[in-house]
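Chains as they are written, first to last, in my numbering: chain A, 1 to 182; chain B, 183 to 756. Please read the structure below before turning to the comments.
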């Protein structure tokens with residue numbers, strides 16, 4: 001058991017007994033902040049600025065050319081601890097999108113159940129295509145459970161476009177066209 | 183039984199441990215026999231195909247006990263133990279057979295370095311397709327790259343470009359960039375499927391797998407090439423982009439396509455089957471199965487499944503339906519049309535019902551042509567089960583004209599039909615209206631429409647049970663997915679009916695409880711045999727009682743009727 005150390009309480013001085021120095025210190029702080037810029041935000045009319053690495057609602061992003069990045073590899077579905085993600089994989093129609101035919105695969109459906117999501121960010125971490133990001137949306141609400149499931153269309157609406165460092169599939173296409181063909 | 187020839191064993195030393203292996207075993211198999219998670223990584227070697235030795239992944243260090251060249255005397259070290267002459271370079275394990283005294287190192291520095299080198303070369307032209315590749319998760323290249331690879335690429339030149347998304351046949355899609363030129367598919371087509379259509383064209387790194395001009399990979403075994411492809415080069419067009427394999431649950435099952443009874447694995451997720459692949463059983467199907475057998479699961483999903491127990495078109499519970507069926511059967515003049523597609527358990531209770539209602543039992547044959555490999559003439563999985571159960575003692579006829587005559591003459595009032603579309607088998611729809619029909623079946627059809635009592639049945643993927651194949655091998659299958667809500671396993675309903683007919687209470691509920699009766703009631707089965715205790719590789723039954731029957735199977739991969747008869751004709755012990 002820890003030893004108990006008894007500290008003797010010092011008796012209050014005369015100044016302390018009057019409480020005047022304490023009141024003055026408090027008034028000083030009040031006076032200072034009274035003439036400062038307001039800190040309190042009038043939420044929801046005013047919104048805070050969100051740092052870049054904030055983990056908000058998971059979203060799907062497109063590359064700067066507006067093309068879908070997700071190839072439905074389902075790694076996020078696999079890694080998701082609360083099993084919030086549900087993907088139905090599909091094939092890209094080569095005739096409808098000839099410039100993306102070489103990507104072969106894209107999600108047919110992509111649902112994230114926001115009632116299950118715990119905002120852990122593992123989906124973003126695991127994504128080999130940099131297609132899923134937890135961005136700055138932190139507040140969401142709905143009138144029914146169905147509304148709280150973000151489908152593919154909603155996820156792309158929320159995600160928008162993010163800059164792409166690699167253009168992996170463009171490089172692949174260029175290699176296909178100019179590579180060491182026999 | 184024929185006495186197996188005595189197997190010679192040789193002793194070899196693997197990583198400092200002496201192991202006895204059968205003579206002729208190669209190093210890959212010998213190391214596998216050691217167990218303890220030891221494995222020689224390999225791509226081109228396949229236990230059921232010829233040895234090509236072209237992937238170079240299975241390199242091991244090998245040494246033999248040293249002998250003096252001049253005298254032939256053993257060379258000893260200072261401790262008096264024979265020295266081992268290690269070969270200066272590694273050798274491939276697949277094409278090296280175990281020899282007495284051979285020493286093998288599977289994990290030395292040299293071996294590790296050669297595996298690393300081979301992996302680096304294989305990855306030079308391999309595309310980084312893993313996120314969109316169907317093989318990911320069961321890809322040997324992916325596994326071995328993680329285990330033996332470098333972890334990063336030193337290759338800065340441009341990769342070779344080869345055709346992608348090539349159609350090899352109606353069921354197989356080829357991605358040539360992913361191919362590591364192991365030639366397993368070529369050897370399979372040539373040696374097993376006997377349909378030599380695949381080959382490599384061009385040389386060096388430009389080597390490309392392709393079909394011979396004007397030919398397609400169209401044979402009924404083409405999907406086996408997908409199974410044995412160690413990478414994602416050959417993919418199944420049907421399974422393409424459907425689901426990643428790590429989500430799928432595997433269940434052991436038996437193929438119902440023919441009396442071969444190929445062992446299979448059902449891959450399912452959340453009650454939906456995605457694909458069927460073969461499971462190795464050296465006595466039945468090796469590691470192969472037919473393409474047509476892989477598509478059988480699609481019958482589960484078609485819309486016309488029977489889903490409710492009905493009496494005269496009104497939905498009832500299973501207990502009410504069974505009681506009504508028993509009441510109808512008690513009135514007598516019953517004919518039962520059983521099925522060679524039913525499991526052993528269902529046939530056993532069919533037999534019980536037949537005995538208790540003094541019914542005549544007929545079976546219909548489902549014969550077709552054989553392909554000589556894994557599709558036999560008898561296209562039903564469990565005809566032998568009907569014989570072993572005593573349901574019938576002769577081989578079935580092709581149609582039901584005998585039953586039709588009985589109906590016409592008024593000798594039959596009630597017809598119990600198990601999963602047969604009888605209107606196509608000699609009993610016309612008008613004739614069917616003369617009798618009361620109890621129909622047990624999977625799908626709605628003409629028979630179920632007019633039936634007095636309809637009992638929905640479960641498919642082989644939805645129930646536990648067992649089949650007896652062409653060589654009297656009892657094999658069990660397990661339920662992979664749940665059936666329609668509220669539908670009991672077929673044997674339970676039949677058991678309920680049989681129970682009501684005899685006014686005796688049979689303890690039921692589980693398949694093992696049912697097997698207590700089956701094991702006792704069928705002389706072929708050992709009294710202590712239970713469904714759960716049937717081995718994974720199946721249980722050989724004694725076929726001597728049935729050898730004189732003119733079975734239609736002639737010869738296929740693991741069965742030869744003449745040889746089978748000869749092997750079992752001599753009494754045991756002779």
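Beta carbons: idealized from backbone N, C-alpha and C, even for Gly.
Problem set entry | is_contact[residue 342/B, chain E] using C-beta, thresh 8 Å | This model lacks chain E altogether, as its protein chains are A and B.
For this session: For residue 425/B, decide whether its Cβ has a neighbour in chain A, counting only Cβ atoms nearer than 8 Å.
Result: By one-based count along the second chain, residue 425/B stands at place 243. Taking Cβ atoms only, chain A reaches closer than 8 Å to residue 425/B, which makes this a yes.
Exercise. Is there at least one Cβ from chain A nearer than 8 Å to residue 756/B's Cβ?
Worked result: Within the second chain, residue 756/B is the residue found at index 574, counting from 1. Annotation note: pLDDT 45 at residue 756/B (below 50); position unreliable, no value reported.
Exercise. Can you name the residues that DSSP bridges to residue 434/B?
Worked result: Taking the second chain and counting its residues from 1, the one referred to as residue 434/B is at position 252. DSSP lists 447/B as partners of residue 434/B.
Exercise. Under the three-state reduction of DSSP, which class applies to residue 760/B: helix, strand or coil?
Worked result: Limits of chain B in this structure are 183 at one end and 756 at the other, which puts residue 760/B out of reach.
Exercise. In its own chain, which residues sit with a C-beta less than 6 Å from the C-beta of residue 693/B, not counting the 5 before and 5 after it?
Worked result: To locate residue 693/B, count along the second chain from 1; it is residue 511. So the qualifying residues of the chain are 646, 713.
For this session: Given a cut-off of 8 Å, decide if residue 629/B and residue 603/B are closer than it, judged by their beta-carbon atoms.
Result: In the second chain, residue 603/B corresponds to position 421, counting from 1. In the second chain, residue 629/B corresponds to position 447, counting from 1. For residue 603/B and residue 629/B, yes; Cβs fall inside 8 Å.
Exercise. If you pair each beta-carbon of the segment 295-302 of chain B with each one of the segment 248-262 of chain B, do three or more pairs fall below 8 Å?
Worked result: no
For this session: Please report the residue range of the alpha helix (DSSP H) in which residue 292/B lies.
Result: Numbered from its first residue, the second chain carries residue 292/B at position 110. Run containing residue 292/B: 291-306, per the alpha helix (DSSP H) assignment.
Problem set entry | Meets three-Cβ-pair contact criterion under 8 Å: the segment 616-628 of chain B and the segment 643-662 of chain B | no
Problem set entry | Rounded C-alpha distance that separates residue 533/B from residue 571/B | What you label residue 533/B is simply residue 351 of the second chain in a count that begins at 1. What you label residue 571/B is simply residue 389 of the second chain in a count that begins at 1. So the two alpha carbons sit approximately 7 Å from each other.
For this session: Find out if the Cβ-Cβ distance for the pair residue 203/B, residue 280/B is shorter than 8 Å.
Result: Here residue 203/B refers to the residue found at position 21 when the second chain is read from its first residue. Here residue 280/B refers to the residue found at position 98 when the second chain is read from its first residue. The criterion of a C-beta distance shorter than 8 Å is satisfied by residue 203/B and residue 280/B.
Problem set entry | Under 8 Å between C-beta atoms of residue 135/A and residue 57/A | Here the question's residue 135/A lines up with position 135 in the first chain. Here the question's residue 57/A lines up with position 57 in the first chain. Yes; because the gap between Cβ atoms is below 8 Å, this pair is in contact.
Problem set entry | residue 394/B to residue 583/B span [Cα, whole Å] | Taking the first residue of the second chain as 1, we reach residue 394/B at position 212. Taking the first residue of the second chain as 1, we reach residue 583/B at position 401. Cα to Cα, the separation comes out at about 49 Å.
Exercise. Quick one: does residue 635/B have its CB under 8 Å from some CB of chain A?
Worked result: Taking the second chain and counting its residues from 1, the one referred to as residue 635/B is at position 453. Under the 8 Å criterion on CB atoms, residue 635/B is classed as non-interfacial with respect to chain A.
Exercise. Where do the ends of the beta strand (DSSP E) carrying residue 382/B lie?
Worked result: Counting from one through the second chain, the residue named residue 382/B turns up at place 200. Here the beta strand (DSSP E) through residue 382/B covers 380-383.
Exercise. Of the residues that make up the segment 428-442 of chain B, which ones have a beta carbon closer than 9 Å to any beta carbon in chain A?
Worked result: 428, 429
For this session: Please work out which residues of its chain come closer than 7 Å, Cβ to Cβ, to residue 73/A, disregarding the five sequence neighbours upstream and downstream, and give them in chain order.
Result: Locating residue 73/A in the first chain gives position 73, where the first residue counts as 1. Around residue 73/A: 128.
Problem set entry | Contact with chain B by residue 180/A, beta-carbon distance below 8 Å | Translated into positions along the first chain, residue 180/A becomes position 180. Yes, contact with chain B.
Exercise. Along the chain, which unbroken stretches of the beta strand (DSSP E) at least 3 residues long are found entirely within the segment 618-703 of chain B?
Worked result: 618-623, 635-638, 647-650, 655-659
Exercise. Which residues bound the alpha helix (DSSP H) around residue 406/B?
Worked result: If you number the second chain from 1, residue 406/B lands on position 224. Element bounds for residue 406/B: 405-410.
For this session: Taking a Cβ distance cut-off of 7 Å, strictly less, list which residues of the segment 304-328 of chain B are near chain A, in chain order.
Result: 313, 314
For this session: Look at the Cβ atom of residue 593/B, then the Cβ atom of residue 520/B, and state whether they are nearer than 8 Å.
Result: Against the second chain, residue 593/B aligns to sequence position 411. Against the second chain, residue 520/B aligns to sequence position 338. No, they are not a contact pair.
Exercise. In this structure, does DSSP put residue 358/B in helix, strand or coil?
Worked result: Start at 1 with the first residue of the second chain, and residue 358/B comes out as number 176. Residue state, collapsed to three classes: helix.
Exercise. Should the segment 454-467 of chain B be regarded as contacting the segment 352-362 of chain B, the criterion being three or more beta carbon pairs within less than 8 Å?
Worked result: no
Exercise. Using 8 Å as the limit for Cβ to Cβ distance, is residue 347/B near chain A?
Worked result: Reading the second chain from its first residue, position 165 is the one you call residue 347/B. Taking Cβ atoms only, chain A reaches closer than 8 Å to residue 347/B, which makes this a yes.
Exercise. Skipping 5 residues on each side, what residues in its chain have a beta carbon closer than 7 Å to that of residue 172/A?
Worked result: Position 172 of the first chain, counted from the start, is the residue given in the question as residue 172/A. The answer, listed in chain order, is 102.
Exercise. Hey, would you say the C-beta of residue 408/B is under 7 Å away from at least one heavy atom of the ligand GDP?
Worked result: This structure lacks the ligand GDP; in fact it carries no ligand of any kind.
Problem set entry | Where residue 320/B falls: helix, strand or coil (DSSP) | In the second chain, the residue the question calls residue 320/B occupies position 138. If DSSP states are grouped into helix, strand and coil, residue 320/B belongs with coil.
For this session: Would you list, in chain order, the members of the segment 44-71 of chain A that have their beta-carbon closer than 9 Å to a beta-carbon of chain B?
Result: 71
Exercise. Rounded to the nearest angstrom, how far is the Cβ of residue 242/B from that of residue 293/B, given a contact under 8 Å?
Worked result: Locating residue 242/B in the second chain gives position 60, counting from the first residue. Locating residue 293/B in the second chain gives position 111, counting from the first residue. Right, the Cβ-Cβ distance comes to about 6 Å (below 8 Å), so this counts as a contact.
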